[in-house]
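Heads up: the structure comes next, in structure tokens.
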Amino acid sequence: MKRTAFILVLLIGLLLAWAARDFPAWGDPHSPASSSAVSSHFIANTGVDTEVPNMVTAVLADYRGFDTMFETVVVFIAGLAVFSILRGGPNRRTRDREFVVDFEPDLIVTNTVRLIVPVIQIFALYVLAHGHVSPGGGFQGGVAMGASFILIALSWDLKTALARFPIERCFTVAALGIVIYAGIGLLSMFLGGEFLDYAHLAKVFPVSPEMARYHAMLGVEIGVGFTVTAIMFALYAGLSTDGRMRDGL
Amino acid sequence: MIETIASAALSESANSPGWFLVHSIGVGMGILGLVFFLGTAVGMVRFPDFYTRMHAAGKGDTLSTMLMLAGFGLVMMEDFSAGSWLLLLKILGIVLFIFITTPSSSHALMRAAFEDDEMPLGEKDLKKLRKRGGKPSAR
Amino acid sequence: MGASLLVLMIPILYRIIMGPTGFDRILGVNVIGTKTAVILVIIGTLFDRVDMFVDFAIAYALLNFVGAIVVSRYFNRTVPLQEMEKPKPRRRAKV
Amino acid sequence: MGLELFNTLILSLLVVVAVLSLWVRDLVVSAVVFGIYSFLMCLLWAEMGAVDVAFTEATVGAGVSTVVLIATVFNLKRKAKD
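Protein chains in written order, with this note's numbering: chain A, 809 to 1057; chain B, 827 to 965; chain C, 1143 to 1237; chain D, 16 to 97.
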């Protein structure tokens, strides 16, 4: 049975490798992805429409803003689902293993974390704010920010990290991120445009419509960053303690 | 790649001796870092137990990474403009972070191994090892 | 230079594959993670956009620490209460 | 020349690491070897020019995914695949 499965997997792998011959060559300018009308339209018009140098951010946060907003909602729902499944009901299972934490926080590690956590947080803010001109954006900055809180929880203990960022505040902040995102969309809707059509924000702010799209993208990224930061930390806090929120890893 | 950098350094050295000095120092540091990383790789393969391998990996890894990155920062100093100074500053920042984090992560791993009862090799074990010609027994 | 770094990763992968204990493997992972930052900068020189790729290297230099800390914490901090009473048998070094 | 050499080396290392992460017995080591997979994947994205994807892979792979996997293994009863 094992040998049959191995031969089957090998066969499928060879089939896939054989199918890879039909792909366009690496960096081929005439490949369908490079020569389609959509990508050439974005390459030609992104800089004119939005004044954002990084096209990926412009496509993600402006042209496909609806998609990104519901991706953020998916992240939020995933965090909420993990939290509520781990909390569970009383009769879900017997908690037969109680953990006891015997440690003193390591001196060298805690001092290194003391030095490195502010740098990580400033770097996360830099990544978030520079999503327009260089790779980066809300998701990456939010993950780095969440990693800094996880680092605090790892080097001292979870109680210290939860004192700085309680679990209730995690979900409040995550919901606040979605509210920021949807609020910018709703604001542009009330100003006469469609939902998430940031160019209409120029009616209330003293900027040109292009710069309004530029700055609205920054606001949207900040919303995504809030949600991702809070959900990443809540995921770690839930998973490491099996939902008990104390005496974890 | 080293050859291209070196040939560029030799061809344009006439118009700017300071640039040539910085460039050659950077290339030398990069090569020195590669030598140290070779030491790390050989040590990881050849040493007999976990703690000696930790010695090779922790020290050689940190020093070689720092040397290579600092060498790259110097090689990138093409025209001493503001952008290249910013780049050098960022790369020196990476060097500083690696100098802080890598030793303390190897300290944490070492302590974890010690508290998990991973025993170092003693005198007797080393004698036994030498008698067999340095080959570890099959596990 | 970058290619030689990748070639020199092969002995470390050998240690990760053959390593007698789990700690050897984790040590190898740590070394490879540090070297990734250097290789990212080298890829940046190939694209002539080092200013962009340096940000990735900063991210790696800062966040590599997290992996080693979580592994060490897994091994030495917490024990289940039921297993605390019985002492673990001291292992001898594998020669 | 340089990029194609990188491509070949990174892809071959990637295959080795992918097989290795299934082959090791200990679940913690398997989770950590997934870390190398993520590093090499980030190098591959960066070398193909997809810098935003590479940055996401870098932050998520180095910062969060290893932590979450090990926290999950910590709460399992079965620590090693025997």
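Just so you know, even glycine gets a beta-carbon here, dropped at the ideal spot from N, CA and C. All values derive from a computational prediction rather than experimental measurement.
Checklist entry - Beta carbon of B:S932, beta carbon of B:G865: below 7 Å? => result no
Checklist entry - Who are the neighbours of C:I1181 on chain A, taking C-beta pairs under 8 Å? => result In chain order: nothing, as chain A lies at least about 17 Å away.
Item to check | Nearest residue (CA-CA) to A:G1020, options A:T812, A:V856, A:W826 and A:P832 | outcome: Per the sequence shown, the amino acid found at residue 1020 of chain A is Ala instead of Gly. Here the closest residue by C-alpha is A:V856.
Checklist entry - If we count the other Cβ atoms within 10 Å of its Cβ and call it buried at 16 or more, is D:E62 buried or exposed? => result Buried is the call here.
Checklist entry - Apart from the five residues just before and just after A:R895, which ones in its own chain have a Cβ nearer than 7 Å to its Cβ? => result G1051
Checklist entry - What's the C-alpha gap between A:M1053 and A:V981? => result Using only the alpha carbons, I get a separation of about 18 Å.
Checklist entry - Are the beta-carbon atoms belonging to A:L1009 and A:A1024 less than 7 Å from one another? => result Yes, the pair counts as a contact, with Cβ atoms nearer than the cut-off.
Item to check | For C:D1190, the three-state DSSP class (helix, strand or coil) | outcome: coil
Checklist entry - Within this structure, are the beta carbons of D:G78 and C:V1171 separated by less than 7 Å? => result no
Next on the checklist: Can you check whether the C-beta of D:A65 is within less than 7 Å of a C-beta belonging to chain C?
Outcome noted: no
Checklist entry - So which residues on chain A does C:Y1129 lean against when the C-beta distance must stay under 8 Å? => result Because chain C here runs from 1143 to 1237, residue 1129 of chain C falls outside it and cannot be looked at.
Item to check | Opening and closing residue of the alpha helix (DSSP H) in which B:M903 lies | outcome: First-last for B:M903: undefined, no H or E at that position.
Item to check | Of the listed residues A:A969, A:R977, A:L1026 and A:S963, nearest to A:I992 (C-alpha basis) | outcome: A:L1026
Item to check | Proximal chain D residues relative to A:P958, where beta-carbon distance stays under 8 Å | outcome: Reading the sequence as shown, one finds Ile at residue 958 of chain A and not Pro. The answer, in chain order, is G78, V79 and V82.
Checklist entry - How should B:M902 be labelled, buried or exposed, when 16 other C-beta atoms within 10 angstroms of its C-beta is the threshold for buried? => result buried
Checklist entry - D:A86 CB to nearest chain A CB: under 7 Å? => result yes
Checklist entry - What number of angstroms, rounded off, separates the C-alpha of B:L912 from the C-alpha of D:N90? => result 45 Å
Checklist entry - How many angstroms separate the CA atom of A:A827 from the CA atom of D:L37? => result 25 Å
Checklist entry - In chain B, what lies closer than 8 Å to A:V764 by C-beta? => result Absent from the model: residue 764 of chain A. The displayed extent of chain A is 809 to 1057, so no value can be given.
Checklist entry - Which residues in chain A sit within 8 Å of B:F925, going by Cβ to Cβ distance? => result None at all; the shortest Cβ gap to chain A is about 11 Å.
Next on the checklist: In whole angstroms, give me the CA-to-CA distance for B:I920 and D:V48.
Outcome noted: Cα to Cα, B:I920 sits roughly 24 Å from D:V48.
Item to check | Proximal residues to D:L59 (C-beta, below 6 Å), its chain only, five neighbours per side dropped | outcome: I25
Item to check | Chain-ordered chain D contacts of C:R1157 [CB-CB under 8 Å] | outcome: Result: empty, since nearest Cβ-Cβ is about 12 Å, beyond 8 Å.
Checklist entry - Would you call the CB atoms of D:L42 and D:V88 closer than 7 Å? => result yes
Item to check | Limits of the alpha helix (DSSP H) - the one that A:S848 falls within | outcome: A845 to T858
Checklist entry - Can you list the residues of chain D that A:D1050 reaches, using a CB-CB cut of under 8 Å? => result N90
Checklist entry - With a CB to CB cut of under 6 Å and the five nearest residues on each side skipped, what residues in its chain are close to A:L868? => result T876
Item to check | A:L984 to B:I917 span [Cα, whole Å] | outcome: 36 Å
Item to check | Residue span of the alpha helix (DSSP H) that contains A:R811, given as start and end | outcome: K810 to A827
Item to check | Residues from the region 952-979 of chain A in contact with chain C, defined by Cβ distance under 8 Å | outcome: A952, A955, I958, L959, L962 and S963
Checklist entry - In or out: B:L893 buried (at least 16 other Cβ within 10 Å) or exposed? => result Residue environment analysis places B:L893 among the buried positions, since at least 16 neighbouring C-beta atoms fall within 10 angstroms of its C-beta.
Item to check | For D:A69 and C:F1207, believed in contact at Cβ under 8 Å, the rounded distance | outcome: Not really, about 20 Å apart at Cβ, beyond 8 Å.
Item to check | Contact belief for A:T865 with A:T1035 at Cβ below 8 Å, rounded distance in angstroms | outcome: That pair is no contact at about 17 Å.
Checklist entry - For A:L754, which three-state DSSP category applies? => result Beyond the ends of chain A as shown, which are 809 and 1057, falls residue 754 of chain A; an answer cannot be given.
Checklist entry - Where A:G954 and A:E1002 are concerned, what is the direct C-alpha to C-alpha distance, given to the nearest angstrom? => result 33 Å
Checklist entry - Got a sec? Which residues, its chain only, sit under 6 Å from C:I1158 by beta carbon, not counting five neighbours each side? => result Cβ neighbours of C:I1158 within its own chain (closer than 6 Å, five residues either side excluded): R1167 and G1170.
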